[in-house]
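Residue numbers (my numbering): 1 to 555.
Okay, structure first, notes after.
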Amino acid sequence: MFDSLWVEILFGTMGGLGMFLFGMKLMSEGLQKSAGEGLKSIIEKFTSNRFIGTLVGTAVTVVIQSSSATTVMVVGFVNAGLMNLMQALSVVFGANIGTTITAQMIAFKVTALAMPCIGIGVVLAMFSSNSKLKYYGEIMLGFGLLFFGMETMTKSFVPLREMQGFVDMFVFFGKNPIIACMAGAVLTMIVQSSSATVGITIALASTGILDFTAAAALVMGENIGTTITANLAAIGANRTAKQAALGHFLFNFIGVCYMLILLPFLIHFVDYMTPGAVDFIAADGSKPNIARHIANIHTTFNIINTIVFLPFLPLIAKLCERIIKPEENTLTKMLRLDANMLKTPSIAVAQAKKEVVNMSRISLDMLHLAKDSYNNKTSKLTDIKPMEIKLDLYEKEFNEFLSQLSRQNISASTAKTIEELTHVIQNLEKLGDNADNIAKFTDRMLRRNMEFSEEADREIKYMFDVVERFAVATIAHYGTDDDIKEIDLNDEELVDSLRKKFKNNHMHRLNEGKCNINSGLLFVDIINNLEKAADHVYNIAQVMVFSKEKGLKTS
């Protein structure tokens, strides 16, 4: 009998917690996908002021229902250079407030809506052809699973009231808030979700096992434990990202330390402002009012802590900078693409687009150098080779990042964008290869004292002008909202026709003895690479103009 009861408690807790966490994940992902680019624009545009940054952090966390996701996202932004330390810390402060909304939702006891939400959510998520409706279905399904899991956990904890050992342990927590705080921190580090551990605390307290003091201390510890996620995310990130993660820990840790001293006053204040007696016990032995008290103490703590620390934000930033000093001889990635961004695909894609713009500039610079090398008959290999190596590394990192991103739970539009980015990246790298090849051919001409006829020289220079014009017009507009009508796709056809024409001209010159075989081979190699370069530019232009794979060349 005893063993079967333990199995029932264990399975009920595991199943309830599993549904709770999966529901949180579904709801968070659904909210993020429905919000899309809005999250990125909000965070980038409205975090220059610390007070507005705090409001943004609160709002974003309310939207995505996860402070861990927000703080990890912030660490990624800092590592990518999109946000400075002060901005990051202000958003983190707000995230701490925003995450308390989950506890407030749980405390309102809307369990009756769980099953209808699950039913409607499944229908929308599985059978709707409209992507927006699918996202709303995921949100509703996640919402329903969250509350159904909460109810399952609460029912599973009821038998624990009859087990004196457990009752004594939680009574001990009530008398020793510091120990309870440490237990809450450890539990949250294990579960990796403060919302889940606050939910467990509410479930235990609602069954009558925990008193309000013990629950409040556990909640304090849970606020420390949740900072582990951002600090784990900062491992391997740059110095500023580590400082942002440390600032999150210091903010919560110091706040909990002084709040534990003032805990009796905080408990009295929350008890006074929350309707219903916290220790009222219903006929079934439960405490129906304690959930609202726990949710309110969670929210009150984070609001007070933010109000206290926000004026001292510059001091906290300086403290983090003193603790985490610059690292010597640190090897950094070529790209500012952080794996932490993968948790928010819309933002990861937006940052990837920015990095593609940087990559496109390198390819274009290589083409300029190759043209300058040929026109002025000077070797540029020492300038071009490092750029070619950089492009290869860029492509490798891009492919790894986009491959990981494509494995996330992403929307159809995000999947399409990833496909387009992959095409653009491949063609930019090949464009750089063509420029590098032409620079090598020019260098070979110079070393062997080879010359083209005046006619052949004019043909190559003219072809270079057309390819460069096409590349500049295309790449200059990539990643912008400018009008792209001035991109003339006919330039690619013009380059194709020029290659054919100039090859025929070359054969006539060869037959007439105006050029020799060796220089003729180099001539053909150069115009072939120019034609291929135009093809790769055309592929990029196709993505920009038509946003679809159809029509892409693979030469």
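Virtual Cβ for every residue (Gly too), placed ideally from N, Cα, C.
Original post:
If you draw a straight line from the C-alpha of T332 to the C-alpha of D496, how long is it?
Top reply: Confidence at T332 is low in this model, with a pLDDT of 42, below 50, so the placement of that residue should be treated as unreliable; the coordinate-derived value is given next. Each residue's alpha carbon lies about 41 angstroms from the other.
Original post:
Could you check where the alpha helix (DSSP H) with P159 kicks off and where it finishes?
Top reply: Element bounds for P159: n/a, residue is neither H nor E.
**OP:** Could you check what DSSP says for I324 in three-state terms: helix, strand or coil?
**Re:** coil
**OP:** Output yes or no for whether 9 angstroms exceeds the beta carbon distance between M14 and L145.
**Re:** no
Subject >> Among M387, N409, T422 and D383, the one whose alpha carbon lies nearest that of L402 >> reply: T422
**OP:** Below 7 angstroms CB to CB, which residues in the same chain sit around K242 once its five sequence neighbours on both sides are set aside?
**Re:** A234 and I324
Subject >> Selected residue, minimal CA-CA separation from I120, among Y135, C181, V543 and F452 >> reply: Y135
**OP:** Report the three-state DSSP secondary structure of Q87 (helix, strand or coil).
**Re:** Q87: helix per DSSP, three-state reduction.
Original post:
Does the stretch 300-315 come close enough to the stretch 82-99 to have 3 or more Cβ pairs within less than 8 angstroms?
Top reply: yes
Original post:
Under the three-state reduction of DSSP, which class applies to I235: helix, strand or coil?
Top reply: coil
**OP:** Spell out a yes or no on whether the stretch 463-473 and the stretch 381-397 are touching, meaning 3 or more CB-CB pairs, one atom from each, closer than 8 angstroms.
**Re:** no
**OP:** Find out if the Cβ-Cβ distance for the pair V308, I290 is shorter than 9 angstroms.
**Re:** no
**OP:** Classify L337 as helix, strand or coil using the three-state DSSP reduction.
**Re:** coil
**OP:** Out of Q104, F280, G16 and K353, point me to the one whose CA is closest to V62's CA.
**Re:** Comparing Cα positions, the closest option is Q104.
Subject >> Whole-angstrom distance between M189 and D383, CA atom to CA atom >> reply: Answer to the nearest angstrom: the Cα atoms are 50 angstroms apart.
**OP:** Look at the alpha carbon of I527 and the alpha carbon of N358, and state the distance between them as a whole number of angstroms.
**Re:** 27 angstroms
Original post:
Helix or strand or just coil, what does DSSP make of L10?
Top reply: helix
Subject >> Boundaries of the alpha helix (DSSP H) in which P116 is found, first to last residue >> reply: A114 to F127
**OP:** Answer yes if the stretch 445-456 comes into contact with the stretch 355-371, meaning at least three C-beta pairs across the two stretches below 8 angstroms, and no otherwise.
**Re:** no
Original post:
Measuring CB to CB, does A282 end up less than 9 angstroms from P288?
Top reply: yes
Subject >> Which of helix, strand or coil DSSP assigns to N305 >> reply: helix
Subject >> Given L563 as reference, the closest of K430, H477 and N409 once Cα atoms are compared >> reply: The displayed coordinates of the chain run from 1 to 555. Any statement about residue 563 would go beyond what the structure contains.
Original post:
What's the C-alpha gap between D443 and F470?
Top reply: 25 angstroms
**OP:** Taking only the alpha-carbon atoms, compute the straight-line gap between P177 and V122 and give it to the nearest angstrom.
**Re:** 42 angstroms
**OP:** Use the C-beta contact count for S67: other C-beta atoms within 10 angstroms, 16 or more gives buried, fewer gives exposed.
**Re:** buried
**OP:** In the DSSP assignment, find the alpha helix (DSSP H) that holds Y272 and state where it starts and stops.
**Re:** L263 to M273
Original post:
Ordered along the chain, which non-local residues of its own chain (more than five positions away) have a Cβ less than 7 angstroms from that of A125?
Top reply: Excluding positions up to five away in sequence, the list reads K134, G137, E138 and L141.
Original post:
Using CA coordinates, which residue listed in A230, T100, G208 and T197 is at the minimum distance from G221?
Top reply: T197
**OP:** Following the continuous alpha helix (DSSP H) through E419, name the residue where it begins and the one where it ends.
**Re:** A412 to R447
Original post:
What is the rounded straight-line gap between the Cα of K553 and the Cα of K532?
Top reply: Low confidence applies to K553: its pLDDT is 49, below 50, so where it sits in the model is not reliable, and the reading given next is rough at best. K553 and K532: Cα-Cα distance of roughly 10 angstroms.
Original post:
Taking the alpha carbon of N252 as the point to measure from, which residue in W6, D525 and N305 has its own alpha carbon closest?
Top reply: Checking every option, the nearest Cα to that of N252 belongs to N305.
**OP:** Go ahead and label S555 buried or exposed: buried means 16 or more other beta carbons lie within 10 angstroms of its beta carbon, across all protein chains shown.
**Re:** Caution is warranted here: a pLDDT of 45 is assigned to S555, below 50, making its placement in the model unreliable, and the coordinate value is therefore given only provisionally. Flag for S555 reads exposed.
Original post:
Using DSSP with H/G/I as helix, E/B as strand and the rest coil, what is P288?
Top reply: Of the three classes helix, strand and coil, the one that applies to P288 here is coil, per DSSP.
Original post:
In three-state terms, what does DSSP make of L331?
Top reply: Annotation note: pLDDT 38 at L331 (below 50); position unreliable, coordinate value reported separately. The answer is coil: DSSP assigns L331 none of H, G, I, E or B.
Subject >> N529 burial status per 10 Å Cβ neighbour count (16 or more: buried) >> reply: buried
Original post:
Taking buried to mean at least 16 other C-beta atoms within 10 Å of its own C-beta, is N539 buried or exposed?
Top reply: It counts as buried.
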